[in-house]
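> This structure is in C-alpha cells; I'll ask about it shortly.
In my numbering, the protein residues as written are 56 to 388.
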C-alpha cells in the first residue's frame with residue numbers, strides 16, 4: 056500500500072524513524088519519504104545513511120502548525136513519532152511537554168485534514184494508560200485527540216489511529232544500553248530500581264512491523280496494542296551481565312512497578328485479536344457506525360472479560376534469561 060505513495064514521519068530522525076525509513080525502502084517503492092524534525096544535525100547525519108532519491112528532509116517543529124501544513128502537501132500517509140519523551144524533563148518543564156505532545160498532536164491532526172491525508176497513525180506509550188506522570192498524561196491527551204479526530208473528518212478521507220507499546224530494546228533511553236555502558240566501564244554491580252519490576256519487551260523492527268500492519272487494518276479510531284512478552288528487570292540484568300551483583304536503588308519519580316497497556320477500566324471497550332488488542336473509542340462517531348470487532352483485513356476480535364487488564368506483571372508470557380539474551384542480540388543487529 057506504500058508503493059508510489061508519499062509518507063511523512065514526524066520526529067523521523069529518532070530510533071523509530073530510522074528503522075521505519077529503512078523498512079519502507081527495503082520492502083516498498085514509495086514516491087517520497089519525508090523526514091520532518093527540528094534538529095538539523097540529526098537530519099544531516101541521517102542523510103549520510105539514507106540518501107535514496109525518494110528521501111526528503113524538512114526542518115520543522117510539530118508546534119508549528121503552518122509549517123506542518125506546508126510539509127504535508129501531497130502526503131498520503133503520516134506517522135506521528137515526534138514527542139517530548141523524557142519523564143523527568145517533562146516534570147521539570149511541564150508547559151514545554153504540553154506544547155509538543157498535546158498542541159503538536161492537534162497541529163498534526165489539523166494539517167492532515169487540510170491536506171486530505173489518507174491515514175495517520177500516532178505512536179503512543181504504555182505510560183498513557185493510567186498515567187502517573189506528565190509525559191503519560193500528555194500522551195493520553197494526544198491519544199484522545201487522535202481518536203476524536205475521526206469525528207471531525209466529515210466527507211474527508213482522512214482516518215486516524217493510535218499504536219501503543221512499551222519498551223523498545225536498544226532504543227535511545229532504553230535500559231539495555233545503560234546497563235551495557237556500565238558493564239563496559241567496569242561496574243561491579245548493576246542498579247535495580249525494584250526487584251519486583253517488570254516491563255513489556257519489543258524490538259524496534261517488531262514495533263515498525265506492527266505500525267505498518269495497522270495501516271492496513273485500521274478503520275480509524277482504534278488504539279492498537281501488540282501482544283508481546285514481559286521481562287523481569289532482575290532477569291534482564293542477569294542476561295546482560297551474568298553473575299554481576301545487583302543493588303536496589305528505588306523507583307524513580309513517575310515510574311511504575313509494572314507497565315499497563317490496556318487498563319482494566321477499559322475492558323468494556325477492549326477487543327482481543329490473535330496477536331493484538333484493540334481499544335475501541337469511548338465516543339460514537341456521528342457520520343459512521345464502525346464495527347471494530349472485524350478490521351479491514353477481515354481479522355475478527357472478541358470483547359475481553361470484564362475487568363481484564365493487560366499489564367507486564369500479569370502477562371502470561373515471561374521471557375527467561377536465555378531468551379532475553381538471544382532476543383536482545385537479534386534486536387540490536
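Every residue gets a Cβ at the ideal spot worked out from N, C-alpha and C, and that includes glycine.
Just list the residues that DSSP pairs residue 248 with in beta bridges.
Per DSSP, none; premise fails for residue 248.
> Under 8 Å, do residue 201 and residue 177 count as touching if we go by C-beta distance?
Yes, Cβ-Cβ distance for residue 201 and residue 177 is below 8 Å.
> Am I right that residue 63 and residue 117 are in contact with their C-beta atoms under 8 Å? What's the rounded C-beta distance?
11 Å between Cβ atoms; not a contact.
> When you compare only the Cα positions, how much space is there between residue 102 and residue 155?
Taking the straight line joining both Cα atoms gives about 24 Å.
> Give the secondary structure of residue 130 by DSSP, where H, G and I count as helix, E and B as strand, and everything else as coil.
The answer is coil: DSSP assigns residue 130 none of H, G, I, E or B.
> Thinking residue 306 and residue 249 are a contact (beta carbons under 8 Å), I'd like their distance in whole angstroms, please.
About 5 Å separates the two Cβ atoms, so the contact holds.
> If you draw a straight line from the C-alpha of residue 207 to the C-alpha of residue 275, how long is it?
Straight-line Cα distance between these residues: approximately 12 Å.
> Looking at the unbroken alpha helix (DSSP H) that takes in residue 384, where does it start and where does it end?
Where residue 384 is concerned, the enclosing alpha helix (DSSP H) stretches over 376 to 386.
> Residue ranges of each beta strand (DSSP E) run of no fewer than 3 residues wholly in the segment 159 to 196, ordered along the chain?
The segment 159 to 196 contains these whole beta strand (DSSP E) runs: 174 to 178.
> Which residue or residues does DSSP assign as beta-bridge partners of residue 217?
Its beta-bridge partners are 177, 278.
> Hey, how far is the Cα of residue 229 from the Cα of residue 222?
Taking the straight line from one Cα to the other gives about 7 Å.
> For the segment 277 to 286 against the segment 361 to 373, are there 3 or more C-beta pairs whose distance is under 8 Å?
Output reads yes: the segment 361 to 373 touches the segment 277 to 286.
> Helix, strand or coil: which one does DSSP assign to residue 341?
If DSSP states are grouped into helix, strand and coil, residue 341 belongs with coil.
> Taking 8 Å as the limit between beta carbons, can you name the residues of its chain near residue 385, skipping five residues before and five after?
Cβ neighbours of residue 385 beyond the five flanking positions: 258.
> Can you tell me the Cα-Cα spacing of residue 317 and residue 358, whole angstroms?
Going from the Cα of residue 317 to the Cα of residue 358 covers about 12 Å.
> Suppose the cutoff is 6 Å on Cβ atoms and the five residues either side in sequence are ignored; what does the same chain contact list for residue 349 look like?
The answer, listed in chain order, is 355.
> Are at least three pairs of beta-carbons, each pair with one atom in the segment 123 to 137 and one in the segment 149 to 167, less than 8 Å apart?
Yes, the segment 123 to 137 touches the segment 149 to 167.
> Cutting at 6 Å between CB atoms, please list the residues of its own chain near residue 293, excluding the five before and the five after it.
Excluding residues within five positions, the ones whose Cβ falls inside 6 Å are 376.
> Take the Cβ of residue 333 as the centre, count every other Cβ of all protein chains shown within 10 Å, and call the residue buried at 16 or more, exposed below.
When all chains shown are included, residue 333 counts as buried.
> For residue 287, list the residues DSSP reports as bridge partners.
Note: residue 287 sits in a beta bridge opposite 253.
> Can you give me the C-alpha to C-alpha distance between residue 268 and residue 234, rounded to a whole angstrom?
Taking the straight line joining both Cα atoms gives about 32 Å.
> Tell me the DSSP secondary structure of residue 64 in three-state form.
Note: residue 64 maps to strand in three-state DSSP.
> Thinking just about the alpha-carbon of each residue, which of 216, 122, 113, 371 is nearest to the one in residue 273?
Closest option to residue 273, Cα to Cα, is 216.
> Spatial neighbours of residue 442 within its chain, please: CB distance less than 6 Å, with the 5 preceding and 5 following residues excluded, ordered by chain position.
Shown here, the chain extends from 56 to 388; a query on residue 442 therefore has no answer.
> Does DSSP put residue 323 in a helix, in a strand, or in coil?
Three-state result, residue 323: helix.
> Sort out for me which residues DSSP pairs residue 135 with in a bridge.
The partner list for residue 135 (beta bridge, DSSP) reads 65, 177.
> Hey, would you say residue 304 sits closer than 8 Å to residue 247, going by beta carbons?
Contact: yes.
> Give a yes or no on whether the C-beta atoms belonging to residue 124 and residue 166 are separated by under 8 Å.
In this structure, residue 166 lies closer than 8 Å to residue 124 by Cβ.
> Name the DSSP beta bridge partners of residue 113, please?
The partner list for residue 113 (beta bridge, DSSP) reads 91.
> Can you tell me whether residue 80 is helix, strand or coil according to DSSP?
Residue 80: helix per DSSP, three-state reduction.
> I need the boundaries of the alpha helix (DSSP H) containing residue 349, first residue and last residue.
It is not in any alpha helix (DSSP H) - residue 349 carries neither H nor E in the DSSP assignment.
> Assuming residue 68 and residue 97 form a contact by the criterion Cβ under 8 Å, report the distance between their Cβ atoms to the nearest whole angstrom.
The pair is a contact, with the Cβ atoms about 4 Å apart (cut-off 8 Å).
> Excluding the five sequence neighbours on either side, which residues of its own chain have a C-beta within less than 8 Å of the C-beta of residue 126, listed in chain order?
Counting only Cβ-Cβ distances below 8 Å, and skipping sequence neighbours, we find 63, 89, 91, 113, 115, 166.
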